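Residue numbers for the sequence shown follow our numbering, beginning at 545 and rising by one.
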Amino acid sequence: MSFSSKLPVICAIALFPAVAIADPSLECSLSSGSQVEIGNCVAEAEATIEKTLALALGFATDSAKSLDEATGRPMATPALEAGQAAWAAYRDAHCDFVGTTFGGGSGAGIAIQSCRVELGRARIEELLSYAQ
């Protein structure tokens, strides 16, 4: 798939974080009332972020592979893979910490998912900056 054929998808992905409010639970509370509804909304946002993250990672991986082929040195792809694994471990650990700040309360799950959405949005932007 060429870059020009990816351009509409990249533009749509790139605009997604720009139009969103920083806190996913706040975004969801604007359209939902109960904690259950907010939780479902944040879960849907997290699922969307995971799909979008996979697309952005795919674009960045394609670029890394192209760089590796152009230079004849297989360095960019393994570095991207290591960076993504480290980022995922950080996201999971940090968002688990965020959940603990709710002291085991009923909002902990929403807080964890909101954290994952926020960090996912930032990671998508980072990955897209490497897509060619």
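Just so it is clear, CB atoms sit at the ideal spot from N, CA and C, and this is done for glycine as well.
Bear in mind that the values here come from a model prediction, so they are computed numbers and not experimental data.
| query | Taking buried to mean at least 16 other C-beta atoms within 10 Å of its own C-beta, is Gln676 buried or exposed? | reply | Taking all protein chains shown into account, Gln676 has fewer than 16 neighbouring C-beta atoms within 10 Å of its C-beta and is therefore exposed.
| Beta-carbon proximity list for Leu663, same chain, < 6 angstroms, skipping 5 on both sides | Excluding sequence positions up to five before and after Leu663, its CB lies within less than 6 angstroms of the CB of Arg635, all in the same chain and listed in chain order.
| field | Per-residue DSSP class, three states only, for Phe641 | value | If DSSP states are grouped into helix, strand and coil, Phe641 belongs with the helices.
| message | Looking only at its chain, what residues have a beta carbon closer than 7 angstroms to the beta carbon of Gly583, apart from the 5 residues adjacent to it on each side? | response | Excluding residues within five positions, the ones whose Cβ falls inside 7 angstroms are Gly653 and Ile654.
| said: Does the region 594-610 come into contact with the region 665-672, if we say contact requires no fewer than three beta-carbon pairs (one atom in each stretch) closer than 8 angstroms? | reply: As far as the Cβ criterion goes, the region 594-610 touches the region 665-672, which means the pair count is three or higher.
| Residues near Val642 in its chain [Cβ-Cβ closer than 7 angstroms; skip 5 each side] | So the list reads Ala655, Ile656 and Cys659, once near-sequence residues are dropped.
| field | Selection from Pro568, Gly577, Thr621 and Ala637 that minimises the alpha carbon distance to Ile593 | value | Ranking the options by Cα distance to Ile593, first place goes to Pro568.
| Per-residue burial, Ser607 [other beta carbons within 10 Å of its own, 16 or more giving buried] | Classification for Ser607: buried.
| query | Which same chain residues, not among the five before or five after Thr605, have their C-beta less than 7 angstroms away from its C-beta? | reply | Around Thr605: Thr621 and Leu624.
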